[in-house]
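Chains A and B supply the protein sequences, listed in that same order.
The number in this note's numbering is simply the position in the first sequence, starting from 1, with 471 added.
The number in this note's numbering is simply the position in the second sequence, starting from 1, with 63 added.
First the structure, in the form of C-alpha cells, and then the observations on it.
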Amino acid sequence: MSVFNSRTSVSLHALNIANRKSSAVLGLVESLKNLSLISPGEIGVLAEYTNALIAQKLLSMGVLLGSRIEVLRSAPWGGGLIIKADNLIIALRKREAAALLIRL
Amino acid sequence: MSKETGSQVNIALAGNPNCGKTTLFNRLTGLNQKTGNFPGTTVELKIGSWTNNQQVKINLLDLPGAYSLYPNTKDERVVISTFLDTHAANYPDVVVYVADVNKLDKHLLLFSQLKDLGIPILLVLNLVDQALEEGMKIDVDGLSRSLAVPIFSISSRTGLGVAELKEGLENIIKELSFFAAPIPDYKLSSIELQVASRIQLELKEPGIYRALLLAHHSSWFYDKSSNNSKEIEEITNKIGFEPLPFQVKETMARYDWFTPIVAQNIKKAISLSEKRSQLIDRIVLNKYLGPIFFLGIMFLVFQAIFALASYPMDGIEYLFTETSNLLKTNLPANKVVDLITDGIIPGLGGILVFIPQIAILFFLISILEEIGYMARAAFIFDKIMQYFGLNGRSLVALISGAACAIPAIMSARTIAGWKERLVTILVTPLISCSARIPVYTLLIGFAIPSTQIGPFNLQGIAFMGLYILGIFAALTTALLLKWILKTDEESYLMLELPDYKKPVFRNLYLNVYDKVKSFSLEAGKIILIISVILWGLSTYGPGDALQKAEQEAISIAKEKNFNQNEEENLIAAYQIEASYAGILGKTIEPVIQPLGFDWKIGIALITSFAAREVFVGTMATIYSLGSAEDTGGLSERMIKEKNPVTGERVYSIATSLSLLIFYVFAMQCMSTLAVVKRETNSWKWPIIQFIFMTALAVLGSLLTYHLFS
C-alpha cells in the first residue's frame with residue numbers, strides 16, 4: 472500500500488472540498504501546525520491529513536477537513552490528548568494527532 | 064409477494080457507537096432476547112424477537128456500533144459481514160438505522176453506505192425530546208425528502224415515538240416486495256466502476272456498490288477455501304485498484320452529500336449535555352485527579368460488592384441448607400434421596416450463593432459503561448497500557464474480567480490492533496473473575512483470621528491482595544508477550560468520548576439479568592452433571608472395599624473409645640477414601656502433594672478443571688458425604704476437618720494459601736478457552752494460554768506452600 476499516493480489524494484481532496492485553492496496556490500502551507508504540537512486551549516481548522524489510514528478512520532468518525540478543532544486537554548504520563556472536533560470529543564494518541572495539520 | 068403468515072423477517076439495528084441503539088433494542092425486545100452466532104458462527108450477537116398480529120415472526124438483530132463499512136475493528140467487520148453474506152440465515156430484510164439527532168451531521172456516513180446496498184432502510188432520529196427541549200429545530204419532512212428515506216423521531220430513553228416506529232416497521236414489512244434496488248447515491252469513479260462491474264459479472268453480484276465493497280474486503284471476507292477472493296484479487300491487480308485512497312475519497316464524497324442536507328433541515332442550539340460533560344471532564348480527566356478518581360471508584364466498587372452481597376448470600380445459603388435438611392428428615396432414606404440431598408442440592412447451593420456478588424459487580428460495571436465513564440478511563444490509562452503492550456480499551460476488558468472473562472474477551476473486539484487485541488485476550492483470564500469469588504471466600508474463611516485493623520477487615524485485605532496479585536500477573540504476562548510477539552502493524556486509540564448520560568435502568572437490568580442467567584445456567588449445568596458423577600464415584604467403590612473400610616473404621620473407633628458421633632464420622636471418612644473418588648484423588652495425590660494438597664483437594668481440582676466454581680460444589684458434596692452431622696455451612700465443616708487419627712487440622716494455613724494461589728493463576732474454565740478459540744480463530748492461543756496459566760499456578764502454589772509450611 473502506498474501511503475504516499477493516498478496522502479496525495481487526501482490533500483488534493485482537501486483543496487477541492489474546503490475551497491482553499493487560493494492558499495495552496497499561494498504556497499501558504501507553512502501556516503499549518505501539527506496537532507500534536509498544539510497546546511490545550513488553542514483552536515484551529517483541520518486542513519490536511521498526512522496519513523491515509525488515520526484519515527480514513529477519523530473521517531468516518533466525522534473529523535472532516537474544515538472541521539473546527541480545539542485541543543481540550545492532554546492525558547497524564549505524557550499520553551495522548553483530547554480534542555473537540557466540531558461537536559465530537561475524541562481521544563487521540565500523540566502519534567495519531569501528528570497526522571493532522573491544523574490551520575490556526 | 065408480501066410476507067405470509069408464519070414467515071420470518073430479519074431486521075438489523077445499525078448505527079454509530081453511542082447512538083442509543085442498544086437502549087432502543089432493549090425497549091423493543093425486553094426479555095425476549097438471546098445471544099446467537101452470526102454470521103459464519105464466529106461472532107456472537109444479540110437477537111430479540113416478537114410475533115406481529117399477521118403471525119410474522121420479527122427477528123431484531125443488534126449489530127455492534129460502527130462508523131462505516133470500511134472496518135478498523137473486529138466489531139465493525141461484523142457489520143459489513145452481516146450485509147455482504149447474502150446467503151446467511153440471518154441476512155437482514157430491513158435495516159433500522161439509529162442516529163443521535165444531536166450529532167446527525169456526523170452519524171449519516173454508515174447510513175448512506177447501507178442505503179446504497181439496496182436493503183429497505185429506515186432512519187430513526189434518537190434523543191429528539193432532549194434536542195427539542197434545548198431549542199433545536201428539526202424539519203423531519205425536509206430531511207426525509209432529501210435523504211429519500213422514511214424517518215421516525217424517537218427517544219429510546221423515554222420511549223417517545225417507539226410505538227410509531229414499531230407500526231412503521233409493520234408497514235414496511237407488508238410492502239417488502241415493492242422495494243426496488245436503488246442506483247447508489249455515491250457516484251463511483253471510473254476505476255471503481257471498472258472493478259465493480261467486473262466483479263458484478265464474474266460473481267453474478269446484482270448490486271454495483273456491493274461489488275465494490277467486495278473489492279475492498281475480499282482479502283479477509285472469504286474463507287481460505289473460496290475461489291472468490293482470488294478472482295477479485297486478479298481483477299483489482301489488473302486494474303490497479305488500491306482500496307485505501309478510494310475509501311477516503313468515498314467517505315468524503317458521502318459527507319459532501321449529506322452535510323448540506325443536515326445543515327438545511329436542522330438548526331442546532333447549544334447542547335446542554337455537551338456543556339455539562341465538559342465540566343465533569345475537568346475533574347474526571349484532569350491529569351492529576353483523573354487517575355485518583357479512577358482508583359477511588361474501583362475501591363468503592365469492590366467494597367460495595369462485599370458489603371451489599373452478604374445478606375442475600377446468607378439467605379441463599381440458609382435456604383439450601385434448610386431444603387436439604389427438610390428433605391432428609393421427610394423422605395425415606397435411599398440412594399436417590401441421598402443423591403439429591405448430598406449431591407445436587409449442596410452442589411448447586413455452593414454456586415448459587417455467589418449470584419449476589421456477580422450481579423452487583425455486573426451492575427456497577429454496567430453503570431460505569433452506561434454513563435460514559437469507561438471510554439474516559441480507557442483514555443487516561445492508554446499510555447500505561449501501551450507500556451504493557453495493551454490498549455486503553457484493554458482496561459475495559461480487564462475490569463469486566465473481574466466479573467467474567469467471557470464478555471471481557473469479547474469486548475476486546477473494539478481494539479483495532481491485532482497484537483494489542485491478542486495480548487488483551489490472553490491476559491484477561493488472569494484477572495480474578497467472579498467464579499473465583501466462591502473459592503476465595505471459602506479458603507480465606509479459614510486461612511485468614513477476621514481481625515479488624517483500623518476500619519479494615521484482615522480477610523477483606525487478603526481478598527484485595529488476591530485481586531491485586533491477579534492484576535499483577537496479567538500485566539507482567541502482557542509485558543512478556545509484548546516482547547515475544549512481533550508485529551509491523553500500527554495500533555490506534557482514536558476513541559470517541561460520549562457525552563455523560565444518566566444510566567437507563569432497563570439497560571442495566573437486562574445486562575445483569577443476561578449475565579446472571581448465563582452464569583447460573585452454564586455453571587448450573589456443569590455442576591449438576593459433575594455433582595451426579597461425583598456422588599456416584601464417592602458412594603461406590605471397587606468390590607467390597609466400602610464394607611471393609613467400614614469394618615476397619617469400627618474397629619479403630621472401638622480401640623480409641625470414640626463416641627457414636629465420632630465413630631460415624633470416622634466411618635464416613637474411611638468409606639470416601641475407599642470409594643472410586645478416593646482412589647482417583649489418591650492417584651494424583653503424589654503429584655499434588657508438593658503443593659500441599661491432599662487427595663480430597665485432588666478430587667476437587669479434577670472436577671473444577673471445566674469450571675473453577677465447581678471446586679466449592681465438589682467440596683460441598685465430598686463433605687456432606689464425609690460427615691454424619693449435616694448442620695453448618697461448608698467452611699465450618701472444613702475448619703473442623705481433622706485427621707481422624709492424629710487430630711491435626713487437614714487444612715493448614717500453608718495448604719489454604721497454596722490453594723488460593725493456585726486458583727488465582729490456573730486456567731480452569733472451558734468456556735473461556737472456547738471463547739478464546741473463537742475470537743482468535745485458532746486453537747494455538749487457547750492451548751498456549753492453558754499451558755502457561757497452569758504452569759504459573761503450579762509454580763506459584765509450590766512456592767507458597769514451601770514459604771508458609
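Beta carbons: idealized from backbone N, C-alpha and C, even for Gly.
If we cut at 8 angstroms on Cβ distances, does B:D445 have a partner in chain A?
Within the second sequence, the letter at position 382 stands for residue 445 of chain B. Taking Cβ atoms only, chain A reaches closer than 8 angstroms to B:D445, which makes this a yes.
For A:A523, which residues in chain B fall below 8 angstroms Cβ to Cβ?
Along the first sequence, read from residue 1 onward, the residue named residue 523 of chain A stands at position 52. At a beta-carbon threshold of 8 angstroms, the residues of chain B lying near A:A523 are L307, P308 and V311, ordered along the chain.
For a minimum of 3 consecutive residues, which ranges assigned as the beta strand (DSSP E) are wholly contained in the segment 459–508 of chain B?
Those beta strand (DSSP E) runs which fall completely within the segment 459–508 of chain B and span 3+ residues do not exist here.
Mapping the DSSP letters down to three states, classify A:R520 as helix, strand or coil.
Position 49 of the first sequence, counted from the first residue, corresponds to residue 520 of chain A. Inspection of the sequence shows that residue 520 of chain A is occupied by Tyr rather than by Arg. Here A:Y520 sits in strand by DSSP.
Chain-ordered chain A contacts of B:S131 [CB-CB under 7 angstroms]
Within the second sequence, numbered from 1, the residue matching residue 131 of chain B stands at position 68. The contacting residues are S531.
Boundaries of the alpha helix (DSSP H) in which B:E742 is found, first to last residue:
For this step, residue 742 of chain B is matched to residue 679 along the second sequence. Per DSSP, the unbroken alpha helix (DSSP H) holding B:E742 starts and ends at M733 to T743.
At a CB distance below 9 angstroms, what residues from the segment 550–584 of chain B approach chain A? Give them in sequence order.
E553, S554, Y555, L556, M557, L558, E559, L560, P561 and D562: these are the residues of the segment 550–584 of chain B whose beta carbon lies less than 9 angstroms from some beta carbon of chain A, given in chain order.
CB contact check: B:N135 to chain A, cutoff 8 angstroms:
Here residue 135 of chain B refers to the residue found at position 72 of the second sequence. Closer than 8 angstroms: yes.
Nearest residue (CA-CA) to B:I329, options B:I262, B:M199 and B:S219
Position 266 of the second sequence holds residue 329 of chain B. The residue among B:I262, B:M199 and B:S219 with its C-alpha nearest the C-alpha of B:I329 is B:M199.
Return the CA-CA distance between B:A674 and B:S497, expressed in angstroms with no decimal places.
Residue mapping note: residue 674 of chain B aligns to position 611 of the second sequence, counting from 1. Residue mapping note: residue 497 of chain B aligns to position 434 of the second sequence, counting from 1. Approximately 12 angstroms between the Cα atoms of the pair.
First and last residue of the uninterrupted beta strand (DSSP E) at B:D125
Position 62 of the second sequence, counted from the first residue, corresponds to residue 125 of chain B. Residues K120 to D125.
List, in order along the chain, the chain B residues whose C-beta lies closer than 9 angstroms to that of A:E519?
In the first sequence, the residue the question calls residue 519 of chain A occupies position 48. Correct list: empty, because the minimum Cβ distance to chain B is about 12 angstroms.
Sheet register partners of B:G78 (DSSP bridge):
Your numbering for residue 78 of chain B matches position 15 in the second sequence. According to DSSP, B:G78 bridges with B:V161.
Would you verify that the beta carbon of A:N558 is, or is not, closer than 8 angstroms to some beta carbon of chain B?
If you number the first sequence from 1, residue 558 of chain A lands on position 87. Output row for A:N558: interface = yes.
B:W598 to B:S642 span [Cα, whole Å]
Stepping through the second sequence from its first residue, residue 598 of chain B is reached at position 535. Stepping through the second sequence from its first residue, residue 642 of chain B is reached at position 579. B:W598 and B:S642: Cα-Cα distance of roughly 10 angstroms.
What residues in the segment 503–516 of chain A bring their beta carbon closer than 8 angstroms to a beta carbon of chain B?
So nothing in the stretch comes that close.
My output table needs one value for B:W109: the three-state DSSP class, helix, strand or coil.
Counted from its first residue, the second sequence places residue 109 of chain B at position 46. Contrary to the premise, residue 109 of chain B reads as Lys rather than Trp in this sequence. Correct three-state label for B:K109: strand.
Taking the straight line between their C-alpha atoms, what separation do you get for B:N626 and B:Q96?
For the purposes of this step, residue 626 of chain B is identified with residue 563 of the second sequence, where counting begins at 1. For the purposes of this step, residue 96 of chain B is identified with residue 33 of the second sequence, where counting begins at 1. Taking the Cα positions, B:N626 is about 58 angstroms away from B:Q96.
Beta-carbon separation of B:A644 and B:L600 under 8 angstroms?
Numbered from 1 along the second sequence, position 581 holds the residue referred to as residue 644 of chain B. Numbered from 1 along the second sequence, position 537 holds the residue referred to as residue 600 of chain B. In this structure, B:L600 lies closer than 8 angstroms to B:A644 by Cβ.
Considering only their Cβ atoms, is the gap separating A:L536 from A:A556 smaller than 8 angstroms?
If you number the first sequence from 1, residue 556 of chain A lands on position 85. If you number the first sequence from 1, residue 536 of chain A lands on position 65. No. Outside cutoff.
Going along chain A, which residues have a C-beta under 8 angstroms from B:L358?
As a position in the second sequence, residue 358 of chain B is number 295, starting the count at 1. Result: empty, since nearest Cβ-Cβ is about 12 angstroms, beyond 8 angstroms.
Is A:I553 close to chain B, meaning its C-beta is less than 8 angstroms from at least one C-beta of that chain?
Counting from one through the first sequence, the residue named residue 553 of chain A turns up at place 82. It does; some Cβ of chain B falls within 8 angstroms.
What residues in its chain sit with their C-beta under 6 angstroms from that of B:V158, if we drop five residues either side in the sequence?
The sequence position of residue 158 of chain B within the second sequence is 95, counting from 1. The residues are A75, A77, L177, I182 and I184.
Counting pairs of Cβ atoms below 8 angstroms between the segment 390–410 of chain B and the segment 420–430 of chain B, do you hit three or more?
In the pairwise beta carbon analysis, the segment 390–410 of chain B is classified as not touching the segment 420–430 of chain B: fewer than three pairs are separated by under 8 angstroms.
Could you tell me the distance, in whole angstroms, from the CA atom of B:Y555 to the CA atom of B:T299?
For the purposes of this step, residue 555 of chain B is taken as residue 492 along the second sequence, with counting starting at 1. For the purposes of this step, residue 299 of chain B is taken as residue 236 along the second sequence, with counting starting at 1. B:Y555 and B:T299 have their C-alpha atoms some 28 angstroms from each other.
Taking Cβ-Cβ distances below 9 angstroms as the criterion, which residues of the segment 339–371 of chain B are in contact with chain A?
Of all residues in the segment 339–371 of chain B, S340, Q341, D344, R345, L348, N349, K350, Y351, G353 and P354 have a Cβ within less than 9 angstroms of some Cβ in chain A.
Considering Cα atoms alone, identify which of B:S474, B:R456 and B:V347 is closest to B:Y563.
Indexing the second sequence from 1 puts residue 563 of chain B at position 500. Here the closest residue by C-alpha is B:V347.
What number of angstroms, rounded off, separates the C-alpha of B:L668 from the C-alpha of B:V761?
For the purposes of this step, residue 668 of chain B is taken as the residue at position 605 of the second sequence. For the purposes of this step, residue 761 of chain B is taken as the residue at position 698 of the second sequence. Near 12 angstroms, if we compare the C-alpha coordinates of B:V761 and B:L668.
The beta strand (DSSP E) spanning B:E197 covers which residue range?
Here residue 197 of chain B refers to the residue found at position 134 when the second sequence is read from its first residue. Counting along the chain, B:E197 falls outside any beta strand (DSSP E), and DSSP gives it neither H nor E.
Let me know the secondary structure DSSP gives B:T221 once reduced to three states.
Sequence index remark: in the second sequence, residue 221 of chain B carries index 158 (1-based). Reduced to three states, the DSSP call for B:T221 is coil.
Nearest to B:F138 by CA position, among B:P127, B:S144 and B:S131, is which residue?
Working through the second sequence from its first residue, we reach residue 138 of chain B at position 75. It is worth fixing the name first, because residue 138 of chain B is Asp in this sequence and not Phe. That would be B:P127, whose Cα lies nearest to the Cα of B:D138.
Which residues in the same chain have their Cβ closer than 7 angstroms to the Cβ of B:L415, if we skip the five residues on either side of it in sequence?
Translated into positions along the second sequence, residue 415 of chain B becomes position 352. Around B:L415: I379 and S583.
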